[in-house]
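One structure below.
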Amino acid sequence: VRTESEPDLAQPLSLVTSAEPAAHEQELLDPDEGFKVIGPLRISIALFNIFLNEADELSRKLSVGLAEWAAELSHPVPQSCEVQAHALAGNAGTVGYEELSALARELEHTLGRAQRAVRYEEADAELFVRAADDIRRLLHQFAAGFLKPNDPEVIAGLHAYQPQEESITGDSVLDDPRTVPLHDDTVAADLDTLAELTQPSAAPDVDGGMAGAELAEAAIALPETEPAEVALAADALVEAAPTEMVEAVDASDALEIASQAVEPVLEVQPEPALPVPTAAEDEPEPGLPDNIEPELYEIFEEEGRDLLQQLHAALRDWLAEPADLGRSDACMRALHTFKGGARLAGAMRLGEQAHNLESAIEALLQAGTADAAQVETLQHEGDALEHAFEALGQSLNAPAVPVVAAPAPVPFVPAEPEDKPEPLARFAAQAQLRPATADFSAESSRHIDWSRFTDVAEAEAAGENLAIGQAQVRVRGSLLERMATQAGEVSIRRARMESELAHMKGALLDLDDNLERLRAQLRELDLQAEAQMHAQQELAQQGGREFDPLEFDRYTRFQELTRMLTESVGDVATLQRTLSRSVQSGEDELAAQSRLTRELQDDLLRTRLVDFDSVGERMHRVVRQAARDSGKQVKLEISGGQTELDRSVLERTAGAFEHLLRNSVAHGIEMPEVRTAAGKEAVGTLRIEVSQHGNEVLLNFADNGAGLNLARIRERGEQLGLIAPG
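The numbering of the sequence shown is the working numbering, which starts it at -4 and goes up by one.
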């Protein structure tokens, strides 16, 4: 029995991995496909190395930060430690290490709660440092190829941790060592600083003679803020109160004054109607700068596009049954993977935006209920996430354009003031008085310096040429694998054909040798027959009748040659049959190679084909945007989305399809109240049916709206002169 010793946590990851036996590394590494296999996990080598580098640096900073904080418990827990624990949880979840992800996530939540604590104990610091060390232990074991479980005691301790928050009571106020005497000169300075930081306008002065009611009014006069900030402001006011005033208030009066000071501020805080982030929350935090790594982002971009499609599909499925919270699991999986990939690639703002959407879904799950309006809000946030993803990709792939100096500004000469009508009335008057055709002769006669636009035009042309030169085609992995298999089959068939041709060549050489031997034997047979004829004639003339030379024919060379000739003919027949079989086999191999070549050519042509579903989410987003702008309720259904079209054709016609959908929403689908009054469902339906007929693809767009307003169309045609009146 062989036991594996745990690696030393003090050693870096590179030393731990290098200390493993070569045989063990050979078991973990799949040389054929380049994957790292650790228990049930199967991770690509590139992702494995990236995760180790990132996680090692994050865990090191986390351990050092908590150790330094543990030496000075008077300071609050560093917020950077919470951010590092959050990043570790996301990265571990990306590679599938759930034990490490759960521990880091629990530590992140605990550190978040610890931010509210007013004092810390040594046991708290010991618990946090132990959790950070356990993260390092799990990470080193993972680097060595082992999936170790986390410490249950650490998880339980983190889960049970509750911060020591200070409550506002009479005893706490009287016993608070932070109260200062009246003659302390720092009170006025602290109050001035508080007024500058918390109130844009002049704050009421707080002096030693301020009464409890005036103190409450000062608290109410603070600007609207979050409850946590209100509590901090109340603490600051209590700290600023002189000692004589605090001593003059008993416990119940102090509690009543504090309640009166805080309650009015809390009452003005509106409760959110939906547990989803607002637009301000969706904006990435300025403290999370992007650090894009081009190679990693290129990998993430392909995966992220598919994950966003999965997210939108899951949200549509959830919208069909909003009360079924189990349908949110697919959304959470896609968002979690997208968030981890974005952060690994350095797109921190994109990852934070995905985290905000994930938190919104978690809020709905904690509430235990959801309706269609809330899921639609999540869809809008998903559209914003995809828009940010596309904008980031375009900014990274955009060619560099040279900076062109701007032309000199034209000095502005203000006109004489005069009485003008209201803006809307003035624009309406101009629209009525403006002729159909304007005279721009004076404008066109003015000289225009076109040279200042030359550099920009050249830069745009260079950018277009660069984009054309860098045109890429996305190919499905299954299709590439099938084409590679077919190419291998073509090579095998070719090798077999070469072998058959070699056999045919050898058979032909043997046939040539047999033919030469047969020719020599025939010449010798001819000579022997001629000599025998002369010999028989002489014997017949000289000998008597009692001797017959034909009795010795069976022993002559002539008889032997005839037998050899028969064998040679048999050999030639055998070679002929062998040669025929070889030719037949060669023809079969040629036919098989021809078939494989045709299939390979067809698959190569199909590399430019994509499913219509590849733009399906784009069509859904257009319909949602148009419905939101027009105040209507519309859903889109696509049938036959697996039909394949040429990528370039689909990209060129997608804009026209979007225009058709927007027109259908704007002019075809009625308002919900109109549809309800007409006996229809409040939600309108658009349908796109894609089908293939021979070499053609048919797309049918339909809606269940009011249809075309023929009278309005005819009226417009008559106005434009396209249709004769009447």
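For every residue, glycine included, the Cβ atom is placed at its ideal position computed from N, Cα and C.
DSSP places THR671 within a helical segment (H, G or I) once states are collapsed to three. In this structure the stretch 567 to 583 lies against the stretch 499 to 512, because at least three pairs of beta carbons, one per stretch, are closer than 8 angstroms. In the same chain as SER54, and ignoring 5 residues on each side of it, the C-beta atoms closer than 6 angstroms to its own belong to ILE130, ARG131, LEU134, in chain order. In the DSSP assignment, LEU694 falls within the unbroken beta strand (DSSP E) covering 691 to 698.
DSSP places HIS70 outside both helix and strand once states are collapsed to three, so it counts as coil. Fewer than three Cβ pairs drawn from the stretch 61 to 69 and the stretch 79 to 93 lie within less than 8 angstroms of each other, which leaves the two stretches out of contact. Straight-line spacing of the CA atoms in ILE38 and PHE137 works out to 12 angstroms.
Linking LEU310 to GLN714 through their CA atoms gives a straight-line distance of about 45 angstroms.
Within the model, the alpha-carbon separation for GLY299 versus LEU57 is close to 28 angstroms. Taking C-beta separations shorter than 7 angstroms and ignoring five residues to either side along the sequence, the partners of PRO158 in its chain run ARG108, ALA109, ARG111, ALA112, following chain order.
For PHE30, there is no enclosing alpha helix (DSSP H); the enclosing beta strand (DSSP E) has its first and last residue at 30 to 33. Taking 8 angstroms as the cut-off, the Cβ atoms of ALA651 and PRO667 do not count as close. Annotation for SER609: no beta strand (DSSP E) segment contains it, and DSSP assigns it neither H nor E. Under DSSP, SER39 shares a beta bridge with PHE30. A straight line joining the alpha-carbon of ALA349 with that of GLY88 spans about 15 angstroms. One thing to note: ALA80 has its Cβ no nearer than 8 angstroms to the Cβ of LEU95. DSSP places THR680 in the uninterrupted beta strand (DSSP E) bounded by 679 to 688. According to the DSSP secondary-structure assignment, ILE633 is paired through a beta bridge with ILE683.
For the 8 angstroms CB-CB criterion, GLU376 and LEU339 do not form a contact. The beta carbon of SER75 sits closer than 8 angstroms to those of LYS56, GLY60, all from its chain and outside the five residues before and after it, given in chain order. The C-beta distance from GLU484 to LEU591 rounds to 5 angstroms, short enough to fall under 8 angstroms.
Annotation for ASP641: the continuous beta strand (DSSP E) segment containing it runs 639 to 641. Linking HIS662 to LEU703 through their CA atoms gives a straight-line distance of about 8 angstroms. A distance of 8 angstroms or more separates the beta carbons of ARG682 and GLU612. Each of SER577, LEU306, ALA367 was checked against the Cα of ALA502, and the nearest Cα belongs to SER577. Short of 7 angstroms from the beta carbon of HIS154, and not among the five residues preceding or following it, lie these beta carbons of its own chain, in chain order: GLU101.
Measuring C-alpha to C-alpha distances from VAL692 to each of LYS627, ASN699, GLY635, LEU42 identifies GLY635 as the nearest. If you look at LEU134, you'll find it in the alpha helix (DSSP H) that goes 117 to 138.
Taking C-beta separations shorter than 7 angstroms and ignoring five residues to either side along the sequence, the partners of ASP505 in its chain run LEU570, following chain order. One alpha carbon belongs to HIS688, the other to ASP566, and they sit about 60 angstroms apart. Using a Cβ distance threshold of 8 angstroms, LEU122 and GLY91 do not count as a contacting pair. Its chain contains ARG322, ALA325 as the residues whose beta carbon lies nearer than 8 angstroms to that of ASP312, once the 5 sequence neighbours on both sides are disregarded; these appear in chain order.
Inter-residue distance for LYS334 and GLU347 is about 7 angstroms (C-alpha atoms, whole angstroms).
Per the coordinates, the alpha-carbon of LEU106 lies some 28 angstroms from the alpha-carbon of LEU42.
Take GLN304, set aside five residues on each side of it, and the residues of its chain with a beta-carbon closer than 6 angstroms to its own are GLU612, in chain order. Per DSSP, reduced to three states, the secondary structure at ARG111 is coil, with no helix or strand assignment.
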